[in-house]
Structure formats: structure tokens, C-alpha cells
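Numbering (my numbering), first residue to last: 15 to 302.
In what follows, a structure is listed as C-alpha cells, so that the remarks can point back to it.
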Ligand code: TA6
């Protein structure tokens with residue numbers, strides 16, 4: 015891919031940020047959490063939502079974009095904080111290269127006091143910016159014992175208005191409903207719509223998910239590889255007000271469709287093996 019450019023500089027909160035421009039799209043990635051905060055095809059609205067009230071402080075998660083959730087999802091007994099430590103740590107920039115798919119930015123997670131509590135592992139993250147946004151989290155078990163963990167790319171998508179949005183592709187899947195104390199249910203809707211707080215972990219789902227946005231007249235396509243779980247979340251009114259780093263009305267302009275392996279889908283990685291969680295994100299017009 016010719017005429018692409020990349021720049022490393024200071025982003026919000028003076029946090030180091032990488033900007034990538036290609037002939038198809040622009041993207042931004044913070045080293046804090048290897049966090050993709052922007053992906054936008056030329057001539058289109060942003061694909062990702064980023065809260066106007068997000069913190070940009072070293073060691074704290076950014077609200078929006080694609081937080082990397084690893085090695086646990088949600089709350090974890092005996093661990094402090096939600097959603098693991100990967101999203102709070104400063105990842106090392108290893109290489110920026112390019113191929114026919116786009117510009118590839120490669121990160122690795124440094125060893126830390128938190129990672130030392132687990133079997134020895136390495137974690138690498140590949141962000142490919144081109145006609146679509148591809149994200150891959152690779153974890154290699156470098157120990158002599160099984161490494162059990164959860165992973166999830168907790169993607170916040172930008173939508174025109176949540177009342178005109180539906181999520182398609184989960185009919186028939188079982189899910190844990192966090193709004194009802196993780197009650198186990200079965201999805202019966204062809205199109206999932208939103209009229210209240212929605213927080214569902216769909217299990218044993220490997221197929222492509224679509225987000226239909228009638229206001230922006232677009233369809234967002236979430237293809238996933240090696241992901242057996244899909245989480246669908248909109249905080250709605252009360253939860254939005256309770257989040258200091260999220261605008262009270264921002265629930266209207268976002269939906270999370272998150273791809274990973276959580277709960278009963280958690281990964282048990284044998285010694286020497288590598289797990290790869292990958293998603294390909296793109297949008298098309300609604301009538302295609
Ligand atoms: O993925 C949905 C969820 O687990 C919600 O329950 C909510 O907690 C959201 O993640 C955001 O979590 P965070 O720790 O980033 O505020």
C-alpha cells in the first residue's frame with residue numbers, strides 16, 4: 015500500500031500516540047493499553063466511539079475505542095479492578111510495517127508485577143489499518159503449565175442513535191444477562207434492539223455479527239476468528255450517569271459488540287502454545 019504515513023507524538027493527556035494515515039482510512043492508537051481510539055474510513059463517520067469525557071492518564075483505561083481485556087473479563091475473585099490489567103499498561107511499540115492489507119502496528123505487553131502472578135507468557139497485539147480495521151491479540155504460554163485466561167476486544171462502535179440500531183447474528187445463542195444477575199437465557203430475536211440497559215455475554219458464538227444503523231444508513235460488520243463469546247452492551251441512562259468518564263447522553267451514540275473468550279469459553283492454553291483472537295471490522299451501506 016503506497017502513500018501511507020505514520021507519526022508518533024503526544025496525544026491527549028500527553029500520552030504517547032501513534033497516528034496512521036492510509037489512502038483508505040485514518041487511525042489513532044495510544045501506547046497506554048495499545049488502545050485503538052480512532053478508525054475512520056475517508057468520507058465516512060468514525061467507526062469507533064470515544065467518550066468526550068474519557069480520562070487520558072497513564073495506567074487508567076480510555077473510555078471508548080477498543081480496550082484490550084486480558085487476562086480476565088469483568089470482575090475476578092482475588093483480583094482488583096475490572097477487565098484485567100492489559101488495558102491499563104503501557105505496551106511497547108515493536109514495529110510498524112505494511113503489506114497489501116494496510117499499515118501494521120505491532121505491540122508487546124511488557125512483564126509486570128501483575129503478569130508475574132501468572133504462568134510465564136508473552137502477549138503481542140497487531141493493529142492493521144487499511145480498508146478495514148483488523149486487530150489480533152496473540153498470547154503464547156512460555157511456561158511448563160496450562161495458562162487459563164479470558165480475553166476480549168471490548169469494541170465501542172459509533173452509532174447515529176441507539177433507538178435506530180439493531181444487532182444481528184445472535185439468534186439462538188445462549189447468553190448470561192448481567193442485568194439479571196447473570197441469568198442464563200436464549201436469544202430469540204433475529205434483531206436485538208435497545209430500549210434499556212443491555213449487558214449480555216453470548217456464549218459459544220463464532221459467527222459474524224452485524225450492527226444495523228438506520229440513522230447513519232450503514233451496517234458495521236464484525237468478523238471474528240478464535241472467539242467463542244460476544245458481549246453486547248449499552249449502559250443506558252442510569253449507568254451512563256454513574257460513569258464519570260462517560261457523558262450522560264453518550265449511550266445514545268454507542269453500542270459495544272465485544273469479541274473474545276469469556277466465562278465457560280475461557281482459554282486453557284497448554285505449554286508452548288499460542289492463542290490468537292482476531293477481529294476484522296468494516297462498514298458498508300445498509301442496503302448492501
Ligand atoms: O462489557 C460490558 C461490561 O462488562 C459492562 O458490565 C461494563 O462494566 C462495561 O463492561 C465497562 O466496564 P469498565 O470497567 O470499562 O467500566
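Positions of the beta carbon are idealized from the N, C-alpha and C atoms, including for glycine.
Test: residue 248 CB closer than 8 Å to a CB of chain E
Included in the structure is just one protein chain, with no chain E present.
Same chain, Cβ closer than 8 Å to residue 205, neighbours up to 5 away in sequence not counted:
180, 181, 182, 226
Relative to the C-alpha of residue 35, which candidate in 127, 300, 117 has its C-alpha closest?
117
Is residue 168 a contact residue of the ligand TA6, with contact defined as CB to any heavy atom under 7 Å?
yes
Under three-state DSSP, which class holds residue 187?
coil
Determine the contact status of residue 83 and residue 162, defining contact as a CB-CB distance below 8 Å.
no
I'd like the span of the beta strand (DSSP E) that includes residue 292, first residue to last.
288 to 299
Simplified DSSP state of residue 266, which is helix, strand or coil
helix
Residue 213 (DSSP reduced to helix, strand or coil)
strand
Taking 7 Å as the cut-off, is the beta-carbon of residue 270 closer than that to any non-hydrogen atom of the ligand TA6?
yes
Shortest alpha-carbon distance to residue 136 belongs to which of 155, 145, 201, 128?
155
Enumerate, from N- to C-terminal direction, the unbroken beta strand (DSSP E) stretches of 3 or more residues contained entirely within the stretch 223 to 287.
223 to 227, 232 to 239, 243 to 248, 268 to 275, 281 to 283
Which term fits residue 172, buried or exposed, when burial requires 16 or more other beta carbons within 10 angstroms of its beta carbon?
buried
For the structure I just gave you, are there three or more beta carbon pairs, one from the stretch 268 to 283 and one from the stretch 124 to 132, closer than 8 Å?
no
Opposing strand residues paired with residue 34 [DSSP bridges]:
20, 41
Based on the DSSP output, what are the partners of residue 170 in its beta bridges?
270
For residue 145, report the span of its beta strand (DSSP E) as first-last.
From DSSP, residue 145 is part of no beta strand (DSSP E); its letter is neither H nor E.
Pull the bridge partners of residue 123 from the DSSP assignment, please.
Partner(s): none; residue 123 has no beta bridge.
Per-residue DSSP class, three states only, for residue 177
helix
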